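In this note's numbering, the protein residues as written are 1112 to 1658. What follows is a set of notes on a single structure, which appears directly below.
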């Protein structure tokens, strides 16, 4: 069997392992996350109404975040399940890309398979996989993989492709594009400095050209539509004001500055559980420093440097909400790198004298035991397909899908076919949506406050102004003023409100002034018409709303 054949077989097997273990055929069953889905669905619906990104639609991260699922909805139907499938399959595809990247750089196949088990068990966002992520971080992995292929093949096509993926990454989430660019540029600098090839600065040109191929069409489009200035302003606001109001580090007690980060390194600090990647990257820095001093940096070291730069930046950015899925995605490069070093140690000892070979096999045994025992412990508790096989084939009993003893039903809405939710949420979604659709036309505006944009999508009713998710107006006083102006000018026929939103209570001192303005506007111009569960529907008073 040739090496190329082995590589192809490993690609298929590794992809199968990832797909099989993360398999969740019931991904359309569960409580719909109003906040997460409310970020995307009203923007997607606005695209269907012909509105233009940034000029007419505020987008938190990047335009592809709504364009990609909107594209799939044009093919498979305008349905919430298409968005959830995009998140699920995109998240799994991202994991597949990482294990294929690992197979590309590992010397020993068994370490790649062992890594894949731990990688899945530790980093799969099993709670958020159907409403968050998608292919967002996968584009960064593709940029790295393309750069690695360039280092192996020395073909500039791969550096061009790396630039394209970084550009696309920027358009789906600016930090993915920026971090992958930093990783690739750092790798190029080391590549030139240690003269693995003649100093040809056209490598940088090829990379930048690739990024431009992805970026120029979008910027040309929004320039023609007059949205460039708005895009730049919103990009900087999203970067610097994201935690100004909804401050998750403050709520969770995680580090917000350098001093707090240093204190988290103490073994007595509750944040020490998040510090292991920091210690790991410090170790890599020491390793690379010694290689630089000895002038013995290899192509493998450049790969390690590039992955480390990307991973360290992801790790840094994850502190904005480190107890969320961001941290899981941020440690994916850590797992790949950890097993890469174990693979290197094993390979070097295996080719040494007898006692070193013995050490190599002891190392392999220890790594294998951990890499099987740890995932199995997590798989049988947290992963549907493993739980299913255990309970159905071993324990000979059926598996309850997701709601345990809570009653649940399918939604009977055109844009939510196949979605199964608890009965209390079915009542909210169907009762409110039915009322809106029976008492309004497709041109009537619905203001879904503060994050209920899912109703704009379900009813195909437009939201007022650019801030389709009104909660984002809290980030910037100018945005909130814009929101209030849009309400006065466009006069929504209906306003939706959550009666209770306990998740926002800790931030109330910062957002109360914004909430009060909106509630005052509602009290003055609207009357409560319908209540369903936690949702209130207000209808405009019969007399004209004053501007």
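We put the CB at the ideal spot given by N, CA and C, even for glycine. Small disclaimer: the values here were computed from a predicted structure and weren't measured.
Local Cβ density within 10 Å of residue i, reported as buried at 16 or more and exposed below that
i            : result
residue 1655 : Because the pLDDT of residue 1655 is 41, which lies under 50, any placement of that residue in the model is unreliable, and the number read from its coordinates should be weighed accordingly. By the 10 Å Cβ count, residue 1655 comes out exposed.
residue 1227 : buried
residue 1390 : exposed
residue 1591 : buried
residue 1600 : exposed
residue 1582 : buried
residue 1448 : buried
residue 1472 : exposed
residue 1643 : buried
residue 1523 : exposed
residue 1334 : exposed
residue 1243 : buried
residue 1313 : exposed
residue 1264 : exposed
residue 1587 : buried
residue 1604 : buried
residue 1184 : buried
residue 1209 : buried
residue 1269 : buried
residue 1543 : buried
residue 1648 : buried
residue 1277 : buried
residue 1639 : exposed
residue 1118 : exposed
residue 1113 : exposed
residue 1437 : buried
Collapsed DSSP secondary structure at residue i in the structure displayed
i            : result
residue 1401 : helix
residue 1608 : strand
residue 1444 : helix
residue 1160 : coil
residue 1126 : helix
residue 1375 : coil
residue 1052 : Residue 1052 lies beyond the stretch modelled for the chain, which goes from 1112 to 1658, so this question has no answer here.
residue 1347 : helix
residue 1654 : Interpretation of residue 1654 is limited by its pLDDT of 45, a score under 50 that renders its predicted location unreliable; no figure is taken from the coordinates.
residue 1395 : helix
residue 1434 : coil
residue 1120 : helix
residue 1250 : helix
residue 1115 : helix
residue 1388 : helix
residue 1567 : helix
Proximity below 8 Å, CB of residue i to CB of residue j
i            : j            : result
residue 1252 : residue 1205 : yes
residue 1426 : residue 1388 : yes
residue 1190 : residue 1528 : yes
residue 1659 : residue 1467 : Because residue 1659 is not part of the residues shown, which for the chain are 1112 to 1658, the question remains open.
residue 1321 : residue 1413 : no
residue 1359 : residue 1454 : no
residue 1163 : residue 1154 : no
residue 1176 : residue 1139 : no
residue 1157 : residue 1571 : no
residue 1498 : residue 1488 : no
residue 1422 : residue 1444 : yes
residue 1301 : residue 1416 : yes
residue 1250 : residue 1280 : yes
residue 1116 : residue 1440 : no
residue 1450 : residue 1222 : yes
Identified DSSP bridge partners for residue i
i            : result
residue 1216 : Paired residues: none, contrary to the question.
residue 1641 : 1648
residue 1258 : According to DSSP, which records beta bridges pairwise, residue 1258 is partnered with nothing at all.
residue 1168 : 1164
residue 1328 : Per DSSP, none; premise fails for residue 1328.
residue 1533 : 1519
residue 1559 : 1607
residue 1140 : 1531
Limits of the unbroken alpha helix (DSSP H) element including residue i
i            : result
residue 1090 : This structure leaves residue 1090 out entirely; the chain is present only between 1112 and 1658.
residue 1473 : 1465–1493
residue 1582 : Counting along the chain, residue 1582 falls outside any alpha helix (DSSP H), and DSSP gives it neither H nor E.
residue 1096 : As displayed, the chain neither begins before 1112 nor continues past 1658, which places residue 1096 out of reach and without an answer.
residue 1621 : 1619–1636
Residue i Cβ short of 7 Å to the ligand ADP heavy atom set
i            : result
residue 1619 : This structure simply doesn't include the ligand ADP, nor any ligand for that matter.
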